[in-house]
Every structure is written in C-alpha cells, then in structure tokens.
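Right, one structure below, let's go through it.
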Amino acid sequence: MGKRSERLGMPHLFKEHSLEKWYLKDLHVRVQKYFSKYFHHQLIRVSKNEGFPRFLKNMK
20 MGKRSERLGM
30 PHLFKEHSLE
40 KWYLKDLHVR
50 VQKYFSKYFH
60 HQLIRVSKNE
70 GFPRFLKNMK
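In structure tokens:
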C-alpha cells in the first residue's frame, strides 16, 4: 500500500484485528460488490477516494 499507510502502522492494525483481507489496493471494488448484494446499484456510490457507500437522497 502507500507510504502514509505504512507510516501510520495500518498493516499492523489490520493484521492485529484479523482484517488482512480488507487491506487491499482495490478495496473500493470489493466494497461495492458487497453492498450490491443488499442495495440497488442506484443507491450505492463507492469511489477509490471515498471508500464508503454514499446513499443518494430522493431516489425512488
């Protein structure tokens, strides 16, 4: 991953909590697939920069 993540000790934190499988370069793709199982694709927006789903208002 990135230098900043390394400097902040992120790899160690993920490993300490048995979350290594979530410490990936393209995690946003995995997150989108996960939420797509439960929500309509129009309700989910995941980007590399955000890393979290954004539920759009006023969707029918």
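So in our numbering, spot 18 of the sequence shown is number 37, and the numbers just go up one at a time.
We put the beta carbon where it would ideally sit given N, CA and C, even for glycine.
Just so you know, these numbers come straight off a predicted model, no measurement behind them.
- Whose CA, out of GLU39, GLU35, ARG64, lies closest to the CA of VAL48? For the purposes of this step, residue 48 is taken as residue 29 along the sequence shown, with counting starting at 1. Closest by alpha carbon: ARG64.
- Query: How about TRP41 and PHE54: are their beta carbons less than 8 angstroms apart?
  - Reply: As a first step, residue 41 is located in the sequence shown; it is residue number 22 there, counting from the start. As a first step, residue 54 is located in the sequence shown; it is residue number 35 there, counting from the start. It is not a contact, given that the beta carbons lie outside the stated cut-off.
- Simplified DSSP assignment, three categories, for PHE54: Position 35 of the sequence shown, counted from the start, is the residue given in the question as residue 54. Of the three classes helix, strand and coil, the one that applies to PHE54 here is helix, per DSSP.
- Message: Taking only three categories from DSSP, how would you classify LEU32?
- Response: Start at 1 with the first residue of the sequence shown, and residue 32 comes out as number 13. Reduced to three states, the DSSP call for LEU32 is helix.
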